[in-house]
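Only one structure is covered here, and it is reproduced in the block below.
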Amino acid sequence: MPGAQIAMSLGELLQRFNSRDWSLAILFFGSAFLATALLIQVSACSLCMTQRFFMACGVLVVSVSLLHERAPLPYAVLAALFWLAGCAVALRQLWIQYVPGAASSCGPGIDFLIAYEYPLSSIIKTMLTGSGDCAEPSVIPLLALGGFAFLLGLLFFHLKKRKLEISQ
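Residues -8 to 159 in this note's numbering are what the sequence shown lists, from first letter to last.
Here's what the structure looks like:
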């Protein structure tokens, strides 16, 4: 029956993925997450911009790893570190949003710090700890956390598949 061949389970499809397919899937979904952040055009606070930075760095590492297919482990570890840092920043923002008084309400935003040429140390501190803008309730950090977790899961399956390919 031809219809039976078309109806393939997700597990069978994932078994057919090779290492390059996994890398391309990670690259596709990571790029889609970044494109979504740009398309929804929400003005980003400093923690949101930091999450976008970590997402972009991880996607960039995966795209470079496609060029060096012989040694994916160092690239995978580096991408995982970027995405784990993104998870930490997303969790920090969720904590700021849902714990009263967790963020300073009167700190300058990142745009102000850059426009008035504050020292780089102040800008980096604000990028990692947040400002009053980050305390506004939003679903964005929760979505970012889900995106980071999804990409880390894909990366895990990619490495698992790669290990099986090498051992066979």
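Every residue, glycine too, gets a C-beta built ideally from N, C-alpha and C. Everything numeric in this text was worked out from a predicted model, so none of it was measured.
### Message
Using a 10 Å radius around the Cβ and a threshold of 16 neighbouring Cβ atoms, would you call Q84 buried or exposed?
### Response
Reading the sequence shown from its first residue, position 93 is the one you call residue 84. The residue is buried, with at least 16 neighbouring Cβ atoms inside 10 Å.
### Query
DSSP state of G144, grouped into three classes?
For this step, residue 144 is matched to residue 153 along the sequence shown. Helix.
### Task
Assign Q159 to one of three DSSP states: helix, strand, or coil.
For the purposes of this step, residue 159 is identified with residue 168 of the sequence shown, where counting begins at 1. Caution is warranted here: a pLDDT of 47 is assigned to Q159, below 50, making its placement in the model unreliable, and the coordinate value is therefore given only provisionally. The answer is coil: DSSP assigns Q159 none of H, G, I, E or B.
### Task
Helix, strand or coil for G21, going by three-state DSSP, please let me know.
Taking the first residue of the sequence shown as 1, we reach residue 21 at position 30. Of the three classes helix, strand and coil, the one that applies to G21 here is helix, per DSSP.
### Outcome for V80 when other beta-carbon atoms lying within 10 angstroms are tallied against a minimum of 16
Counting from 1 along the sequence shown, the entry for residue 80 is found at position 89. Burial call: buried.
### Query
Beta-carbon separation of A140 and Q42 under 7 Å?
Within the sequence shown, numbered from 1, the residue matching residue 140 stands at position 149. Within the sequence shown, numbered from 1, the residue matching residue 42 stands at position 51. Going by C-beta atoms, A140 is not nearer than 7 Å to Q42.
### Supposed contact pair S14 and V53 - C-beta distance, whole angstroms, cut 8 Å
Counted from its first residue, the sequence shown places residue 53 at position 62. Counted from its first residue, the sequence shown places residue 14 at position 23. Yes, V53 and S14 are in contact; Cβ-Cβ is about 6 Å, under 8 Å.
#### Entry: Selected residue, minimal CA-CA separation from C36, among S112, L145, G21, V130
One-based indexing of the sequence shown puts residue 36 at position 45. It is V130 whose Cα lies nearest to the Cα of C36.
### Query
For Y89, is the classification buried or exposed, using 16 other Cβ atoms within 10 angstroms of its Cβ as the cut-off for buried?
In the sequence shown, the residue the question calls residue 89 occupies position 98. In this structure Y89 is exposed. Its beta-carbon is surrounded by fewer than 16 other beta-carbon atoms within 10 angstroms.
### Query
Do L150 and I17 come within 7 Å of each other at the CB atom, strictly closer than that value?
Here residue 17 refers to the residue found at position 26 when the sequence shown is read from its first residue. Here residue 150 refers to the residue found at position 159 when the sequence shown is read from its first residue. No.
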